[in-house]
Amino acid sequence: MTIKKRKFKYLRDLLVRGRYEQTLSLSIAKIIEDNITGNNIKILDYGSGIEPTITQMVRDHLSKISVNIVSHGYDLYDNNQIKKLNNISKNEYYFKSSELNSSNEFYDFAILSDVLHHMNIENEELIKSTLKSIKSKSRYIIVKDHFQYGFFSNQIIRFMDFFGNLNSNIKTPKKYYSTKQFNSLIGSLDLNVKYKVLNNRYHPKIFIFFNNPKYHFIYLLE
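Residue numbers (the working numbering): -12 to 209.
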């Protein structure tokens, strides 16, 4: 990584990612804590990425109350990325997303953190088939994503997404879910909402336009 990229990454993490990841990971950890019966759980992290920090932070939070997590991350990895990621921790394993359907594993929770909108929300068949596969292998699904309420809010979320993923190969989506669209999606899959988090502020107060809690949601689905 060049010095310029390192400086940008530091600035981005300081202004956005640090607080965002801390807030999100604490919320997910609390959801898991409130819905488990034992101390050993298995998590499916779908769309885990090359920086799977959220699940790692969730693991750290829950270790403080003696909850042990083994996670399986699935994404569009190549062989070199998988080899590198599988050397991170004995509690983390990574696979190509194409391997999910053939897996015989069953998970206590599946996490999809800011994944669905990057799959293109208009590609309903792909998203539905992915969620069906994940649900067949998981007791609960935790979805973190964005809600837009029209053109202006959609552009605000696009800018947040662009800045958060700058200097990566992740493309900024053109469109995000409305509440009606997302509720229709999960209804068509017979998924029930057990719990919602709709009031998190993920960014510092100085970012007035970007700090509106209504742009973010976490749903616990079963």
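Glycine included, every Cβ here is placed at the ideal spot set by N, Cα and C. Source: prediction; values computed, not measured.
With distances taken between CA atoms, residue 138 lies nearest to 162 out of 132, 162 and 155. For the pair residue 14 and residue 89, the Cα-to-Cα distance works out to about 31 Å.
Its chain contains 159 as the residues whose beta carbon lies nearer than 8 Å to that of residue 149, once the 5 sequence neighbours on both sides are disregarded; these appear in chain order.
Of the residues assessed, residue 121 falls on the buried side of the cut-off, its CB having 16 or more other CB atoms within 10 angstroms. Per the coordinates, the alpha-carbon of residue 201 lies some 7 Å from the alpha-carbon of residue 186. Per DSSP, reduced to three states, the secondary structure at residue 136 is coil, with no helix or strand assignment. The beta carbon of residue 125 is closer than 8 Å to those of 31, 93, 94, 95, 96 and 97 in its chain, skipping five residues each way along the sequence. Apart from sequence neighbours up to five positions away, the residues of its chain that approach residue 82 with a beta-carbon distance below 6 Å are 61, ordered along the chain. Per DSSP, residue 105 has no beta bridge partner at all. Residue 80 and residue 57 have their C-alpha atoms spaced approximately 8 Å apart.
Your pair residue 108 and residue 33 does not check out as a contact, with CB atoms roughly 16 Å apart and the cut at 8 Å. Secondary structure at residue 120: helix, using DSSP grouped into helix, strand and coil. In the three-state DSSP reduction, residue 207 falls in the strand class (E or B).
Annotation for residue 37: 68 place their beta carbon closer than 7 Å to its own, counting only its chain and skipping 5 residues before and after. Assigned with DSSP and collapsed to three states, residue 151 falls in helix. Around the Cβ of residue 63, a 10 Å sphere holds fewer than 16 other Cβ atoms; the residue is exposed. In this structure, the CA atom of residue 142 is about 14 Å from the CA atom of residue 199.
By the criterion of a C-beta distance shorter than 7 Å, residue 26 is surrounded in its chain by 53, 54 and 55, once the five residues flanking it on both sides are discounted.
Inclusion of residue 18 and residue 182 in the CB contact set at 8 Å is warranted, their separation being smaller than that value. One Cα belongs to residue 85, the other to residue 5, and the distance between them is close to 31 Å. The Cβ atoms of residue 40 and residue 8 lie closer than 8 Å to each other.
A Cβ-Cβ contact shorter than 8 Å links residue 129 with residue 207.
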